[in-house]
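Trainee: Dropping the structure in here first, questions after.
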Amino acid sequence: MALDEGEVPVGAVVVLGGRVLGRGHNQVEATRDPTAHAEIIALGAACRAVEVPRLTGATLYATMEPCPMCAGAIVQARVARLVYACADPRAGYCGSLGNIADDPRLNHRVAVSSGVMAEQASALLAAFFEALRARGRT
Numbered sequence: 551m552a553l554d555e556g557e558v559p560v561g562a563v564v565v566l567g568g569r570v571l572g573r574g575h576n577q578v579e580a581t582r583d584p585t586a587h588a589e590i591i592a593l594g595a596a597c598r599a600v601e602v603p604r605l606t607g608a609t610l611y612a613t614m615e616p617c618p619m620c621a622g623a624i625v626q627a628r629v630a631r632l633v634y635a636c637a638d639p640r641a642g643y644c645g646s647l648g649n650i651a652d653d654p655r656l657n658h659r660v661a662v663s664s665g666v667m668a669e670q671a672s673a674l675l676a677a678f679f680e681a682l683r684a685r686g687r688t
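According to our numbering, the sequence shown is numbered sequentially starting from 551.
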């Protein structure tokens, strides 16, 4: 995953039947698009790969807990399972601030596994933000 300078190192992949259908990384700064999150990009690529807007049976793997927008898109895409590394206590909506993935009011629920490789993902993110601060770009 090659990142543009200033891009937060958050990535996502969508897998179905052992095949990677879509992948994405955060591109908000490069595209000046607030919806260009890793999960949204990966979901879009996966749906284009299978030529349908539903990813029934798929698993989405992400570096960080999805925000409300991404969690909603994961539910709308009918992803079966979400696996993420580190929690996002400021914006995460799959356990931290709320849980769209398991909201009984919605028509689909997503099984969530968290903390997978959390230390490595947290270290990567911490190093990125430390370097950003050192360059005076916070």
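The C-beta atom is built at its ideal place from N, Cα and C for all residues, glycine as well.
These figures come from a predicted structure and were not determined experimentally.
(1) Looking at Gly-665 and Ala-630, is the spacing between their C-beta atoms short of 8 Å?
(2) Find out if the Cβ-Cβ distance for the pair Leu-610, Ala-676 is shorter than 8 Å.
(3) Is Asn-576 closer than 8 Å to Glu-601 when the C-beta atoms are compared?
(4) How about Arg-593 and Gly-572: are their beta carbons less than 8 Å apart?
(5) Can you give me the start and stop residues for the alpha helix (DSSP H) that Cys-617 sits inside?
(6) Using a Cβ-Cβ cut-off of 8 Å (strictly less than) and excluding sequence neighbours within five positions of Ile-590, which residues of its own chain qualify?
(7) Express the C-alpha separation of Val-660 and Gly-648 in angstroms, rounding to a whole number.
(8) Taking the CB atoms as reference points, tell me whether Ala-588 and Arg-604 lie closer together than 8 Å.
(9) Could you pull the start and end residues of the beta strand (DSSP E) that Leu-656 belongs to?
(10) Quick one, which of Cys-644, Leu-674, Gln-670 has its alpha-carbon nearest Glu-615's?
(11) With Cys-597 as the anchor, note down where its beta strand (DSSP E) starts and where it stops.
(12) Does Arg-683 come out as helix, strand or coil in the three-state DSSP assignment?
Mentor: Put simply:
(1) no
(2) no
(3) no
(4) In the sequence on display, residue 593 carries Leu and not Arg. Yes, these two residues count as a Cβ contact at 8 Å.
(5) Taken as a continuous stretch (DSSP letters only), Cys-617 belongs to no alpha helix (DSSP H), as it is neither H nor E.
(6) Gly-574, Met-619, Cys-620, Ala-623
(7) 14 Å
(8) no
(9) Premise fails: Leu-656 is in no beta strand (DSSP E) and is neither H nor E.
(10) Cys-644
(11) Premise fails: Cys-597 lies in the alpha helix (DSSP H), 588-600, not in any beta strand (DSSP E).
(12) helix
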